[in-house]
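Participant:
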Amino acid sequence: MKRNTFRFLILSGVLSSFLFSLLSCSFEITEKKRISDPDLTSTESGITVTLKNNNQDTLYVNIYRQDVTEILNESSASSNPAPTEYDCIGIVFPYEKSNSTSNATFVYEDNYIITGHKYRYSARLYSSTDGYTYTNWTPFFTAKNGLLASDSTFYYYTQAEHPFVYNEIAKTITVSGDIDKPTGLSEGTYEASFVPALVFQANDNRRVFQIESLDVNSVIYLSSLLPLDFHDADIKLIGIVGQRVFSEKAPKSDVTKTQKVIWTSLCPIKLYDRNNLEIPNNVIHLTSEHGDDGFDYSY
């Protein structure tokens, strides 16, 4: 692998201003007040998830998926098991925030699935007025087509003894072991579509931050990667995801904006200190520098 040291960049524009509420790869289902589930349809390359939006203040929608194939195989083919764990697979934004979005439709095309597997979906809408609203889970749906082979993986993987080493003085993470890319797509196709990203959490605030590479000896500069609300707080490294961003022009507009983000499944990863000792719970404390948020010049 290439040996290089570089600064990783924070997502710009919309990506840096929105909370990409990625909850880790394996969430446990909790009881929440829910609305009607999304509609599912088959396409030539996957499953389309369609959700009608009844709130003009909706800022984005998270999409969640559970593969229930093994659960159904272990029980009866006619059963409808309750989901226990699931993946956060993406986020969809409205084209624009106006009264016209009150009856808009959010569409997410899920292509990175396995033909013949059974899936169910749920969504979470976020609005400035109502906060989070969850949908019910859909009944299971069989994928007639999918881009992933049955023996492939769609997440990063490492067997390195000390994959990530944290330097508390320099406030950096060094990639110190090989991290394998997902095998669901060919290497060139995957790299042309997805980039690596790290998931961090501070209190209840969990976000995804795009980075440039996971090559061995790469250095991640946390002070420039993480926003100020992740400084002066205990933060936890949740893991690695692959991220693909779709930007489009809104109807009757020349402005290009982020409209959809796709994530691979999450790879939890252990964090070690400079003495190669495991950092408990992957929790570190990032202290801010004076003036990171500017200096007070008021009277």
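All you need for the working numbering is the position in the sequence shown, starting with 1, plus 1371.
Don't be surprised by glycine CBs; every beta carbon is placed ideally from N, CA and C.
None of the values given here were measured: they were computed from a predicted structure.
1) Check E1619 in the structure and name its three-state DSSP category.
2) Once the 5 residues before and after L1518 are set aside, which same chain residues still bring their CB inside 8 Å of it?
3) Touching or not, the stretch 1626-1646 and the stretch 1531-1538, by the rule of three or more beta carbon pairs under 8 Å?
4) Give me the Cα-Cα distance between T1629 and P1465, rounded to the nearest whole angstrom.
5) Cα separation between Q1427 and T1476?
6) Is the CB-CB distance between K1631 and I1442 below 9 Å?
7) Quick check on DSSP: helix, strand or coil for A1563?
8) For R1405, tell me which candidate among A1531, V1420, Q1581, T1509 has the shortest Cα-Cα distance.
9) Could you round the C-beta distance between V1568 and I1550 to whole angstroms and report it? I think they count as a contact, below 8 Å.
10) Give the secondary structure of T1500 by DSSP, where H, G and I count as helix, E and B as strand, and everything else as coil.
11) Since R1645 sits in a beta bridge, which residues does DSSP pair it with?
12) Work out the CA separation of P1553 and A1520 for me, nearest whole Å.
13) Candidates G1548, A1604, T1419, L1411: which alpha carbon is nearest S1594's?
14) Give me the Cβ distance between A1494 and N1424, rounded to the nearest whole Å; I'm assuming they're in contact under 8 Å.
15) Quick check for students: name the residue ranges of the beta strand (DSSP E) that lie wholly in the stretch 1538-1587, counting only runs of 3 or more.
16) Return helix, strand or coil for I1434, following the three-state DSSP convention.
17) Sort F1571, N1576, V1612 by Cα distance to N1652 and report the nearest one.
18) I need the straight-line Cα distance from V1616 to I1633, nearest angstrom please.
19) If you run the structure through DSSP and keep just helix, strand and coil, what is S1595?
Facilitator: Reading off the structure:
1) Against the sequence shown, residue 1619 aligns to sequence position 248. In the structure shown, E1619 sits in a strand (DSSP, three-state: E or B).
2) Translated into positions along the sequence shown, residue 1518 becomes position 147. Correct list, in chain order: S1416, G1417, N1482, Y1483, I1484, G1555, L1556.
3) yes
4) Walking along the sequence shown from the start, residue 1629 turns up at place 258. Walking along the sequence shown from the start, residue 1465 turns up at place 94. If you take the alpha carbons of T1629 and P1465, they lie about 9 Å apart.
5) Taking the first residue of the sequence shown as position 1, residue 1427 is located at position 56. Taking the first residue of the sequence shown as position 1, residue 1476 is located at position 105. Cα to Cα, Q1427 sits roughly 11 Å from T1476.
6) The sequence position of residue 1631 within the sequence shown is 260, counting from 1. The sequence position of residue 1442 within the sequence shown is 71, counting from 1. Taking 9 Å as the Cβ cut-off, K1631 and I1442 do not qualify as a contacting pair.
7) Locating residue 1563 in the sequence shown gives position 192, counting from the first residue. It is helical.
8) Here residue 1405 refers to the residue found at position 34 when the sequence shown is read from its first residue. Out of A1531, V1420, Q1581, T1509, T1509 has the C-alpha closest to the C-alpha of R1405.
9) Along the sequence shown, one-based indexing puts residue 1568 at 197. Along the sequence shown, one-based indexing puts residue 1550 at 179. Here residue 1568 turns out to be Ala, not Val, going by the sequence shown. Not quite, the Cβ-Cβ distance comes to about 13 Å (not below 8 Å), so this is no contact.
10) Here residue 1500 is taken as the residue at index 129 of the sequence shown, counted from 1. DSSP places T1500 in coil when its eight states are reduced to three.
11) Along the sequence shown, read from residue 1 onward, the residue named residue 1645 stands at position 274. Note: R1645 sits in no beta bridge, so no partner.
12) Position 149 of the sequence shown holds residue 1520. Position 182 of the sequence shown holds residue 1553. Those two C-alpha atoms are separated by around 12 Å.
13) One-based indexing of the sequence shown puts residue 1594 at position 223. Comparing Cα positions, the closest option is A1604.
14) Counted from its first residue, the sequence shown places residue 1494 at position 123. Counted from its first residue, the sequence shown places residue 1424 at position 53. A1494 to N1424, Cβ: 10 Å. No contact.
15) 1543-1546, 1566-1573, 1576-1581
16) Stepping through the sequence shown from its first residue, residue 1434 is reached at position 63. In this structure, I1434 counts as strand in the three-state DSSP scheme.
17) The residue given as residue 1652 occupies position 281 in the sequence shown. Here the closest residue by C-alpha is F1571.
18) Within the sequence shown, the letter at position 245 stands for residue 1616. Within the sequence shown, the letter at position 262 stands for residue 1633. Going by the C-alpha atoms only, they are around 7 Å apart.
19) Translated into positions along the sequence shown, residue 1595 becomes position 224. Note: S1595 maps to helix in three-state DSSP.
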